[in-house]
Amino acid sequence: MKIKLNFFGAAKNVTGSCYFIEANGVRLLVDCGLYQERDLKPRNWADFPVPPDTIDAVLLTHAHLDHCGRLPKLVKEGFKGKIFATSATADIASIIMLDSAHIQEEDIKHKMKRHERSGKKSPFPYEPLYTTEDAEKSKTFFKKAGYDVPVVIGNGITAEFREAGHVFGSASIRLSVEQDGETRTILFSGDVGRWDLPIMRDPSPFEQADYVLIESTYGDRTHGKVASIPGELERIINETEKAGGNIIIPSFSLERTQELLYHLGTLFKEERIPKLPVFVDSPMAIKITEVFKKHPELFDDETMALLNAGNHPCDFPGLTMSRTVEQSKAIANTPGTAIIIAGSGMCTGGRVKHHLKINVDRPESTILFVGYQAFGTLGRHILEKPETIRIFGEEHKLTARIERISGFSAHADKNELYTWISSLKTSPRKVFITHGEEKAAMAFQEFLSEKTGWECTVPEYEQEVILD
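Quick note on numbering: our numbering labels position 37 of the sequence shown as 54, and the sequence is numbered without any gaps.
This is how it looks when you write it as structure tokens:
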């Protein structure tokens, strides 16, 4: 038995998920994500460690950019295999990749103009990592996989996708490799979700695996309670409305935006907050919300009951979906207080940066974070509350209120990760702790080792391991 495993991303960091497996003459990637931490972005431009035209397939856990964002680069550079993903993930990843390409194309234009004016030079090439044409082409490589049904990859290798409970369509994937009459299973957690979240179904863990790669985004902490979210939202919105400012919410287009709409709709219905205008200023989030409507089979029981009663969880009076640039710009002219939900979730690009620029120096406004902010991103920098922040090449005083609601996280915390992996009926041969900043990964390694006695390790970037 000989299986080669390489950690080509999300090793002692959170983004850029990418794992390489070679067995029985077959070469696979699990995820192919974009790096979003500022210091690691040059990796996006580097050559793939394995020539793309030699890779037979990609297994995609879910559609977040840090898991699917380099697929168009892979295709651009020669990949001709299949990309296996659940139906909802394939639909959403297509939207996210196109949006990423469009943002890159627009950002390059703006950067070139800025650098011409200032005489600066960019550390990156003055061209996008990939174009909208590359992203469109990538959509044709998807092969849709169902939950809980083995997918034949070929030459003694199968994969099974199971509900991860993280975002719509997300999956943990167990790879089975048959060699010389023996079978080894390798479990990739993807991003593990939480139990009892609105809209989403709960995670459905596997009961057996020889090797496990488990994420550790929140491996060193526990979250606030999901039940506390409505109360915290109510307080922040009412206080900001009283002060006369806006509530700016940088939000991930997938899952977080829809979950926010669910909670806001409930608060309006219960008259706990005033009837304020709500804007979703993200064409991608709007398209993804449409995908939600296309896949009701993925909703939890409570959401299905809402739908059956004629109420959609992502819609209510006063909600405006801002699709065009003109509609986005017009939001700034809204009188009084507005709730503005805009991408990107870590403030690394997209329309939220324009709303931040207008509101960061207004003490009456609130910037509300409802998702993870990776080290080196603008969102993390704002959370650290410096005196000034840089947006579009200009310094701005930061006097707006900064708030954070931790209960919103779609990532399992350390106790929930332990619940997920504890479903294994037998001890795995080895557990690899990935997809976490080094501090979080090391803390979870120590926590899990003490709890289970299993061999747990935190791999290095590009480390190679032979599984026997």
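Built from N, CA and C at the ideal position, the CB exists for glycine as well.
8 angstroms contact criterion, which residue i and residue j should meet: CB distance rounded
i      : j      : result
Ile235 : Ala27  : Reading off the sequence, residue 235 comes out as Tyr, not Ile. At roughly 14 angstroms, the Cβ-Cβ gap does not stay under 8 angstroms, so Tyr235 and Ala27 are not in contact.
Ile203 : Leu415 : At roughly 45 angstroms, the Cβ-Cβ gap does not stay under 8 angstroms, so Ile203 and Leu415 are not in contact.
His452 : Ser135 : His452 to Ser135, Cβ: 36 angstroms. No contact.
Ala417 : Thr365 : Ala417 to Thr365, Cβ: 19 angstroms. No contact.
Pro89  : Asp48  : Incorrect: roughly 14 angstroms between the Cβ atoms, too far for contact.
Ala176 : Phe101 : 7 angstroms
Ile399 : Ile419 : 6 angstroms
Val229 : Ile20  : The Cβ separation is near 14 angstroms, so there is no contact.
Arg379 : Gly262 : 6 angstroms
Ile125 : Glu144 : 6 angstroms
Ile216 : Asp317 : 6 angstroms
His84  : Ser34  : 5 angstroms
Ile120 : Gly367 : 6 angstroms
Pro476 : Phe24  : 4 angstroms
Leu46  : Val92  : Actually they are not in contact, since the Cβ atoms of Leu46 and Val92 sit about 12 angstroms apart, beyond 8 angstroms.
His413 : Val377 : 5 angstroms
Cα-Cα separation between residue i and residue j, rounded to whole angstroms
i      : j      : result
Glu153 : Asp56  : 29 angstroms
Ala322 : Arg218 : 13 angstroms
Lys160 : Thr474 : 33 angstroms
Arg252 : Thr148 : 43 angstroms
Lys311 : Ile357 : 25 angstroms
Glu454 : Thr32  : 9 angstroms
Lys456 : Asn30  : 9 angstroms
Asp208 : Asn432 : 14 angstroms
Met459 : Pro334 : 46 angstroms
Leu82  : Leu115 : 11 angstroms
Gly424 : Gly362 : 16 angstroms
Arg179 : Gly50  : 20 angstroms
Ala167 : Val297 : The sequence given here places Pro at residue 167; Ala does not occur at that position. Rounded to whole angstroms, Pro167 to Val297 spans 38 angstroms at the Cα level.
Glu199 : Met18  : 7 angstroms
Ser345 : Ile266 : 14 angstroms
Ser440 : Lys447 : 15 angstroms
Glu54  : Asn325 : 42 angstroms
His240 : Thr351 : 34 angstroms
Lys374 : Ser270 : 20 angstroms
Pro330 : Val308 : 13 angstroms
Phe223 : Ile348 : 46 angstroms
Gln196 : Glu472 : 24 angstroms
Gly163 : Gly210 : 19 angstroms
Glu156 : Ala244 : Here residue 156 is Lys; the residue named in the question, Glu, does not match the sequence. Cα-Cα distance, rounded: 38 angstroms.
Thr78  : Val295 : 31 angstroms
Thr354 : Ser206 : 41 angstroms
Ile246 : Gly98  : 43 angstroms
Ile231 : Ala260 : 44 angstroms
Ala302 : Met338 : 9 angstroms
Asn402 : Leu395 : Strictly speaking, residue 402 in this sequence is Lys, with Asn absent from that position. In a straight line, the C-alpha of Lys402 is about 11 angstroms away from that of Leu395.
Tyr478 : Pro59  : 14 angstroms
Arg201 : Ser268 : 39 angstroms
Leu146 : Lys442 : 44 angstroms
Pro445 : Asp73  : 27 angstroms
Opposing strand residues paired with residue i [DSSP bridges]
i      : result
Gln196 : Glu199
His413 : Ile406
Asn23  : Phe37, Glu481
Ser189 : Arg179
Cys473 : Val448
Arg421 : Phe386
Gly360 : For Gly360, which the question treats as bridged, DSSP gives no partner whatsoever.
Leu46  : Phe37, Val75
Gly171 : Ile174
Val229 : Leu204, Val448
Leu336 : Val295
Asp430 : Tyr235
Met217 : Phe316
Heavy atom of the ligand NAP within 7 angstroms of residue i beta-carbon
i      : result
Gly182 : In the structure shown, the ligand NAP is absent, as is every other ligand, since no ligand is present at all.
Contact with chain B by residue i, beta-carbon distance below 8 angstroms
i      : result
Glu420 : In the displayed structure, chain B is absent; only one protein chain is listed.
- Item | Complete runs of the beta strand (DSSP E) confined to the stretch 271-321 [at least 3 residues] | For the stretch 271-321, whole beta strand (DSSP E) runs of length 3 or above, ordered along the chain, are 295-298.
Measuring CB atoms only, is the stretch 38-58 touching the stretch 188-206, in the sense that at least three cross pairs come out at less than 8 angstroms? Touching, yes.
- [ ] Would you list, in sequence order, the uninterrupted alpha helix (DSSP H) runs of no fewer than 4 residues that lie entirely inside the stretch 109-164?
- [x] Every unbroken stretch of the alpha helix (DSSP H) spanning 4 or more residues and falling wholly within the stretch 109-164 is given here in chain order: 149-156.
*asked:* Three Cβ pairs or more, each shorter than 8 angstroms: is that satisfied between the stretch 401-419 and the stretch 274-291?
replied: no
Check whether the stretch 461-475 and the stretch 39-54 touch, using three or more Cβ-Cβ pairs below 8 angstroms as the test. At 8 angstroms Cβ cutoff, the stretches do not touch.
- Message: Quick test of the definition: if touching needs 3 or more C-beta pairs under 8 angstroms, does the stretch 267-285 touch the stretch 173-192?
- Response: yes
Please specify which runs of the alpha helix (DSSP H), each continuous and at least 4 residues long, are wholly inside the stretch 231-277, giving them in chain order. 246-260
- Cβ pair count under 8 angstroms reaching 3, the stretch 102-119 against the stretch 341-359: no
Using 8 angstroms as the Cβ pair cut-off and three pairs as the minimum, do the stretch 248-263 and the stretch 375-389 touch?
yes
### Task
Enumerate, from N- to C-terminal direction, the unbroken beta strand (DSSP E) stretches of 3 or more residues contained entirely within the stretch 76-110.
With a minimum length of 3 residues, the continuous beta strand (DSSP E) runs that stay inside the stretch 76-110 are 99-102.
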